[in-house]
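Chains as they are written, first to last, in the working numbering: chain S, 88 to 203; chain Y, 16 to 126.
Every residue, glycine too, gets a C-beta built ideally from N, C-alpha and C.
Predicted, not measured: the structure shown is a model, and the values here were computed from it.
These notes are about the structure you will find just below.
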């Protein structure tokens, strides 16, 4: 039973390029969350998605960032025209529809984006 | 904001000692969770305590929750070098809504 799969693990982009981060949730999990972590800091919420729906994007920057979770395939976090300040670790987490078992989120290993 | 804040920010202890980490938050919650993060890795869920619970145990972990003081503590007993990691508290309103994480606390257990 694979956990949350994120790829790539490391991504290097030049300023102005696009970054695409992928996340496949755990089997049976229909809710996906994206978080960003700057060095030596906690996780900042970005967006919460269910299949084909964005439920809460209150943490997403207004420009250049977008996320989707299509009916088929992984969730994608897309950053257009990357800048140095986008360099961070991006984590995806998933959860079942209702956390009745109290297991919390299951996190992926993250994608470390470096903008040069 | 209901962001959790861990205290202390860093703790260094000897193997075998107990480690206590505290978390405070600002608004009402449905549950509070603790996570561990090893350097360069993702977060691992440790334990979840609901707002109607006061104490919970899991192996060497003991979590308490005081909703009147809006605070929680995580106790790791008989610490091991492998417990060296950053620990985060996160608060949730329930269901499958977003969690709000604190900045984390770095625990170092010296062999």
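Alpha-carbon to alpha-carbon, residue j and residue i
| i | j | result |
| --- | --- | --- |
| residue 84 of chain Y | residue 181 of chain S | 30 Å |
| residue 80 of chain Y | residue 72 of chain Y | 12 Å |
| residue 113 of chain S | residue 133 of chain S | 19 Å |
| residue 123 of chain S | residue 108 of chain S | 12 Å |
| residue 108 of chain Y | residue 184 of chain S | 14 Å |
| residue 16 of chain Y | residue 140 of chain S | For residue 16 of chain Y, the predicted structure reports a pLDDT of 39, less than 50, and the residue's modelled location is therefore unreliable. A value from the coordinates is still provided. Whole-angstrom Cα-Cα distance: 25 Å. |
Within chain Y, partners of residue i - CB distance below 8 Å
| i | result |
| --- | --- |
| residue 128 of chain S | 118, 119 |
DSSP-derived helix/strand/coil call for residue i
| i | result |
| --- | --- |
| residue 102 of chain S | coil |
| residue 105 of chain Y | strand |
| residue 109 of chain S | strand |
| residue 95 of chain Y | coil |
| residue 51 of chain Y | strand |
| residue 97 of chain S | strand |
Among the options, nearest to residue i - alpha-carbon criterion
| i | options | result |
| --- | --- | --- |
| residue 150 of chain S | S:157, S:111, S:166 | S:166 |
| residue 82 of chain Y | Y:58, Y:119, Y:42, Y:55 | Y:42 |
| residue 116 of chain Y | Y:25, Y:28, Y:38, Y:26 | Y:38 |
| residue 171 of chain S | S:94, S:95, S:131, S:103 | S:103 |
| residue 90 of chain Y | Y:63, Y:35, Y:26 | Y:35 |
| residue 168 of chain S | S:100, S:90, S:175 | S:100 |
| residue 56 of chain Y | Y:102, Y:114, Y:126 | Y:102 |
| residue 136 of chain S | S:155, S:127, S:125 | S:155 |
Partners in chain S for residue i, counting only beta-carbon separations shorter than 7 Å
| i | result |
| --- | --- |
| residue 47 of chain Y | The premise fails here: residue 47 of chain Y is roughly 10 Å from chain S at the closest Cβ pair, so nothing lies under 7 Å. |
Under 9 Å from the C-beta of residue i: neighbouring residues of chain Y
| i | result |
| --- | --- |
| residue 195 of chain S | 57 |
| residue 132 of chain S | 113, 114, 115, 116 |
| residue 143 of chain S | 112, 113 |
Contacts that residue i makes with chain Y (C-beta to C-beta distance below 7 Å)
| i | result |
| --- | --- |
| residue 191 of chain S | 48, 60, 63 |
- Message: At 3 residues or longer, what runs of the beta strand (DSSP E) sit wholly inside the segment 142–171 of chain S?
- Response: 152–155, 162–166
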